[in-house]
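Numbering (UniProt numbering), first residue to last: 1 to 183. Note that CB positions come from ideal geometry on N, CA and C, so glycine has one too. Here's the structure we're looking at; comments come further down.
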Amino acid sequence: MEQMSRNLAFQLKKIRQQRHLSLDDVAKTTGVSKAQLAQIEKGEANPTVSTIWKIAAGLRISFSSLLQAPTAHFMKYSSKDAPHVDEDDGRYRVYSIIPYNPERGWELYKIEMEPGAISRSEAHTEGVEETITVIQGQAVISAGEMHELLEEGDTLVFSGHQPHEYKNTSEKLTILHLILQYK
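Right, dumping it as structure tokens:
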């Protein structure tokens, strides 16, 4: 609850300042008292869901945007806690490390591929760029007519709006970092 209060305090103050609104202005548009808004901005209040909804509705923003951790601050992500999906009978695992945020325009994944694992992807929408770095092992990346062998430390950037494939051609676990950039 403490982290949620800090996030709410930061986001409310940021939005209010970006829009050049006083606490009185926000109180009028949301129906939440100026005193309570001041407490929320200082992180000294634990508002109800109803109060957060009033603020979101009055400011015409999403409820969740008020609860998001600030992107301007230090944030730690761990692949141990990251949600993941499996493919190729569990031999190909994708971990969502840093989820997509429209302000950022990209997302980061960790990929683990057992020896011989293959992942085939349909074309993404126009403007999607993939940046793949081999952290451990090696992989062949194919996209269109391109086929590149990447070894540990290599990075490849390519357009994701074409069918593409990742293949672990080594005899050991391959670990990749993938950034999807949306333009």
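- Straight-line measurement puts the Cα of Val85 at about 36 Å from the Cα of Leu59.
- Gly137 places its beta carbon 8 Å or farther from that of Leu180.
- Beta-bridge annotation (DSSP): Arg120 is paired with Glu165.
- Beyond the five residues adjoining it in sequence on each side, Gly144 comes within less than 7 Å, by CB distance, of Gln162 in the same chain, given in chain order.
- Here Val49 carries a helix assignment [DSSP, helix/strand/coil].
- For Met4, the uninterrupted alpha helix (DSSP H) segment begins and ends at 2 to 18.
- Assigned with DSSP and collapsed to three states, Asp89 falls in coil, not helix or strand.
- Annotation: Glu103 is outside any alpha helix (DSSP H) and is labelled neither H nor E by DSSP.
- Between Leu66 and Gln11, the C-beta spacing is below 8 Å.
- Val128 and Gly160 do touch by the CB rule: their CB atoms are close to 4 Å apart, below 8 Å.
- For Leu176, the closest C-alpha among the options Lys183, Ala9, Leu149 is that of Leu149.
- DSSP places Ala139 inside the beta strand (DSSP E), whose first and last residues are 138 to 143.
- Burial of Glu41 is indicated by the presence of at least 16 other C-beta atoms within 10 angstroms of its C-beta.
- With fewer than 16 neighbouring CB atoms inside 10 Å of its own CB, Asn101 falls in the exposed class.
- Annotated three-state conformation of Ile55 is helix, per DSSP.
- Between Ile111 and Leu156 a beta carbon distance of about 13 Å is seen, past the 8 Å cut, so the two are scored as non-contacting.
- Counting along the chain, the unbroken alpha helix (DSSP H) around Val26 starts and ends at 23 to 30.
- Note on geometry: alpha-carbon atoms of Ser96 and His164 lie some 19 Å from one another.
- CA-to-CA, the gap between Leu21 and Val32 works out to about 14 Å.
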